[in-house]
Amino acid sequence: MLTILIGVLEQGLIYAILAMGVYVTYKILDFPDLSVDGTFPLGGAVTAQLIIAGVNPVLTLLISFLCGALAGIVTGLIHVKLKVRDLLSGIIVMTALWSINLRIAGANVPIFSKESIFENKPLDRIVPAGFRPYLVLTILLIIVIIMKIVLDLYLKTKSGYLLRAVGDNDTLVTSLAKDKGAVKIVGLAIANAFVALSGCIYVQDAGFFEISTGTGAIVIGLASVIIGTNIFKKLTFVKATTAVIVGSIIYKACVALAIAAGLATTDMKLITAVLFLVILVISGDRKRRVKKNA
Amino acid sequence: MLELERIHKYYNPGTVNEMCLFEDFNLTIRDGEFVSVVGSNGSGKTSMLNIICGSIPIDRGSITVNGEDITNMPEYKRQRRIGRVYQNPAMGTCPTMTILENMSLADNKGGSFNLLPGTDKKRIDSYRETLRMLNLGLEDKLDIPVGSLSGGQRQAMALLMATMTPIEFLILDEHTAALDPKTAELIMELTDRVVKEKKLTTIMVTHNLRYAVEYGDRLIMMHQGGIVLDKAKTEKERIRIEDILDKFNEISIECGN
Numbered sequence: 205m206l207t208i209l210i211g212v213l214e215q216g217l218i219y220a221i222l223a224m225g226v227y228v229t230y231k232i233l234d235f236p237d238l239s240v241d242g243t244f245p246l247g248g249a250v251t252a253q254l255i256i257a258g259v260n261p262v263l264t265l266l267i268s269f270l271c272g273a274l275a276g277i278v279t280g281l282i283h284v285k286l287k288v289r290d291l292l293s294g295i296i297v298m299t300a301l302w303s304i305n306l307r308i309a310g311a312n313v314p315i316f317s318k319e320s321i322f323e324n325k326p327l328d329r330i331v332p333a334g335f336r337p338y339l340v341l342t343i344l345l346i347i348v349i350i351m352k353i354v355l356d357l358y359l360k361t362k363s364g365y366l367l368r369a370v371g372d373n374d375t376l377v378t379s380l381a382k383d384k385g386a387v388k389i390v391g392l393a394i395a396n397a398f399v400a401l402s403g404c405i406y407v408q409d410a411g412f413f414e415i416s417t418g419t420g421a422i423v424i425g426l427a428s429v430i431i432g433t434n435i436f437k438k439l440t441f442v443k444a445t446t447a448v449i450v451g452s453i454i455y456k457a458c459v460a461l462a463i464a465a466g467l468a469t470t471d472m473k474l475i476t477a478v479l480f481l482v483i484l485v486i487s488g489d490r491k492r493r494v495k496k497n498a
Numbered sequence: 002m003l004e005l006e007r008i009h010k011y012y013n014p015g016t017v018n019e020m021c022l023f024e025d026f027n028l029t030i031r032d033g034e035f036v037s038v039v040g041s042n043g044s045g046k047t048s049m050l051n052i053i054c055g056s057i058p059i060d061r062g063s064i065t066v067n068g069e070d071i072t073n074m075p076e077y078k079r080q081r082r083i084g085r086v087y088q089n090p091a092m093g094t095c096p097t098m099t100i101l102e103n104m105s106l107a108d109n110k111g112g113s114f115n116l117l118p119g120t121d122k123k124r125i126d127s128y129r130e131t132l133r134m135l136n137l138g139l140e141d142k143l144d145i146p147v148g149s150l151s152g153g154q155r156q157a158m159a160l161l162m163a164t165m166t167p168i169e170f171l172i173l174d175e176h177t178a179a180l181d182p183k184t185a186e187l188i189m190e191l192t193d194r195v196v197k198e199k200k201l202t203t204i205m206v207t208h209n210l211r212y213a214v215e216y217g218d219r220l221i222m223m224h225q226g227g228i229v230l231d232k233a234k235t236e237k238e239r240i241r242i243e244d245i246l247d248k249f250n251e252i253s254i255e256c257g258n
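Written out as structure tokens, the structure is:
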């Protein structure tokens with residue numbers, strides 16, 4: 205029982221970082237960004253390759269974060285400069301990244317035997333054997349809290365204000381003599397950086413990279429965001445980022461319950477889809493394009 | 002000084018729906034003028050504002066501000082010297098952000114939106130002071146989202162936000178049209194006060210002929226993409242609502258309706 209609980213928390217926290225990224229595009233920017241399905245495995249592919257090359261696992265966090273940001277910028281440029289619709293820009297980048305990820309890492313890369321942020325020599329020395337089962341969870345918790353604080357702080361800066369304004373009422377951003385396109389690109393970069401970081405950590409935890417890990421990442425992210433923001437809708441003192449993290453854990457718990465109830469792991473995508481639909485219907489979030497600026 | 006010279010603007014060029022709105026349109030607005038613009042629907046009032054602000058492109062002609070050609074300057078860059086208030090009160094504020102956050106955003110116009118704190122704590126008292134001027138009690142609600150305010154309250158905030166930083170032109174696009182008569186009156190008085198206080202060059206499009214007559218020192222009437230009436234200073238002071246109505250009727254007869 206405890207192992208299942210720890211497993212759910214671990215998975216929930218890994219995907220919480222992805223969910224925070226999706227929160228930036230879906231809730232703040234009001235941009236349905238499907239490139240997430242490509243940037244999540246992008247983070248994983250880059251990480252797998254770097255770890256095999258012997259790069260410090262901690263450094264892979266930063267590098268995959270930057271790679272994700274770059275992919276986000278590409279989505280943004282396609283949308284803003286080439287004036288392609290938001291949904292299609294994401295699909296284009298997602299599709300292109302599939303091949304790029306294969307180029308970077310190949311279809312399947314095991315990294316079990318290598319050092320990771322969860323298993324390395326310095327950690328082996330300081331962590332007592334009794335604490336081992338909680339080690340991964342602790343490390344994840346530290347990373348998630350750091351990323352949450354960073355995002356919260358960013359959203360309180362002038363640049364963060366502008367990001368919130370562009371999703372809220374982009375006419376105002378123009379009135380403030382700022383290029384709303386540039387602000388959207390910044391938002392997409394931040395969001396996809398978070399997503400790729402999540403992919404990086406996922407691969408290090410799983411011990412292998414697999415090309416299809418990203419499929420459905422956007423659905424997991426959206427489900428987490430919608431669960432989290434709806435549960436805490438009434439509690440204004442709970443920050444949206446916290447809500448999203450909790451949402452991610454709840455989502456993973458639901459999936460674990462479904463599997464415990466007898467469904468096979470191959471039914472995963474079906475569970476995901478049905479669960480997402482149920483969440484959308486319950487939360488009433490399905491008519492998303494509400495009256496603009498109303 | 003703002004100069005629109007030989008402006009040509011076609012809608013749907015090259016299609017059966019091609020429509021010429023402006024052909025050789027000229028307008029000069031001197032510094033410090035408060036121009037009221039009236040005219041029937043489709044006369045080109047809002048299009049003119051959009052052309053000045055760069056929201057829509059023109060086919061020919063030039064737009065200059067104090068001698069500087071801004072014809073090809075993108076909309077957002079022009080906004081540095083322009084403050085604009087829209088008919089829809091929702092356009093001038095961010096609904097999910099708080100009053101304080103909205104004021105902070107407006108206060109930073111023209112500055113760089115960097116990684117410094119979004120709200121400068123030292124400025125909060127000054128925001129409160131500015132809001133108190135409205136007599137709407139907003140100064141005590143700094144932390145509530147603007148989306149929960151009424152249309153009139155939001156429009157008052159939009160006006161404050163548009164004129165918070167130094168601007169050269171204030172563009173008012175039927176900014177009282179969506180408000181009830183009493184609130185409209187309030188916003189209009191506020192507008193007049195702000196314009197006089199900050200000595201802003203102002204262009205106000207309105208359907209309210211009384212406002213057009215009462216406020217401002219120049220009155221322009223537009224019809225089918227042209228200016229049919231242009232009275233300034235003492236001539237403007239003598240003008241009455243009846244005169245404008247007569248002109249309206251005259252135009253309607255010419256058009257055959």
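Protein chains in written order, with my numbering: chain A, 205 to 498; chain B, 2 to 258.
Using N, Cα and C, we set each Cβ at its ideal position, and we do this for glycine too.
Since the structure is predicted, the reported quantities are computational estimates derived from the model, not experimental observations.
Residues of the segment 344 to 377 of chain A that bring their beta carbon within less than 7 Å of a beta carbon in chain B comprise LYS360, THR361, LYS362, SER363, GLY364, TYR365, LEU366, ARG368, ALA369, ASP372, ASN373, THR375 and LEU376, in sequence order. In the structure shown, B:GLU19 falls within a coil segment according to DSSP collapsed to helix, strand and coil. Residue pairing by DSSP puts B:ASP70 in a beta bridge opposite B:THR65. Contact check for B:PRO96 against B:PRO146 passes: the beta carbons are separated by less than 8 Å. The count of Cβ pairs closer than 8 Å, one atom from the segment 240 to 256 of chain B and one from the segment 56 to 65 of chain B, stays below three, leaving the stretches out of contact. Distances from the alpha-carbon of B:GLY226 to those of B:GLU4, B:ASN27, B:GLU19 and B:VAL17 put B:ASN27 closest. A contact is defined here as three or more CB-CB pairs under 8 Å, and the segment 214 to 228 of chain B meets this definition with respect to the segment 24 to 40 of chain B.
Residues of the segment 53 to 83 of chain B with a C-beta less than 7 Å from any C-beta of chain A: GLU76, TYR77, LYS78, GLN80 and ARG81, listed in chain order. Taking all protein chains in view, the Cβ of A:GLY294 is crowded by 16 or more other Cβ atoms within 10 Å, so the residue is classified as buried. Segment contact: the segment 116 to 128 of chain B against the segment 390 to 400 of chain A, fewer than three CB-CB distances shorter than 8 Å; contact not assigned. Contact annotation: A:ILE232 and A:LEU367 have beta-carbon atoms nearer than 8 Å. Taking C-beta separations shorter than 7 Å and ignoring five residues to either side along the sequence, the partners of A:TYR358 in its chain run GLY364, following chain order. The DSSP-derived three-state label of A:SER303 is helix. Residues of the segment 93 to 123 of chain B that bring their beta carbon within less than 9 Å of a beta carbon in chain A comprise GLY93, THR94, CYS95, PRO96, THR97, MET98, GLU102, ASN103, SER105, LEU106, ALA107, ASN109, LYS110, GLY111, GLY112, SER113, PHE114, ASN115, LEU116, LEU117, PRO118, GLY119 and THR120, in sequence order. Along the segment 212 to 242 of chain B, none of the residues has a CB nearer than 9 Å to a CB of chain A.
Residues of the segment 123 to 140 of chain B with a Cβ closer than 8 Å to any Cβ of chain A: none. For A:ASP234, there are no neighbours in chain B by C-beta distance under 7 Å, as the nearest C-beta there is about 11 Å away. Beta-bridge analysis with DSSP links A:PRO314 to A:PHE412.
Counting only runs of 4+ residues, the alpha helix (DSSP H) found wholly inside the segment 39 to 65 of chain B occupies 46 to 54, in chain order.
Against chain B, a Cβ distance below 8 Å from A:LYS438 picks out nothing, because the smallest value is about 15 Å. Shown here for B:LYS142: same chain residues with a beta carbon closer than 7 Å to its own, the five before and five after excluded, namely ILE100 in chain order.
With a cut-off of 8 Å on Cβ pairs, the segment 412 to 431 of chain A is in contact with the segment 445 to 459 of chain A, counting three or more such pairs. Here A:ASP471 carries a helix assignment [DSSP, helix/strand/coil]. Annotation for A:ASP356: LYS443 and THR445 place their beta carbon closer than 8 Å to its own, counting only its chain and skipping 5 residues before and after. Listed in chain order, the non-local C-beta contacts of B:MET189 below 7 Å within the same chain comprise THR177, TYR212 and TYR216, local neighbours out to five positions each way being set aside. Across the set B:CYS54, B:GLU19, B:SER41 and B:SER37, the C-alpha of B:CYS54 shows the shortest separation from the C-alpha of A:THR378. Between B:MET223 and B:VAL17, the C-beta gap is not smaller than 8 Å, which leaves the two residues out of contact. In this structure, A:VAL340 sits near A:PHE322, with a CB-CB distance shorter than 8 Å. Straight through space, the alpha carbons of B:ASN42 and A:ALA386 are spaced by roughly 35 Å. By DSSP's assignment, B:ARG85 forms a beta bridge with B:ILE172.
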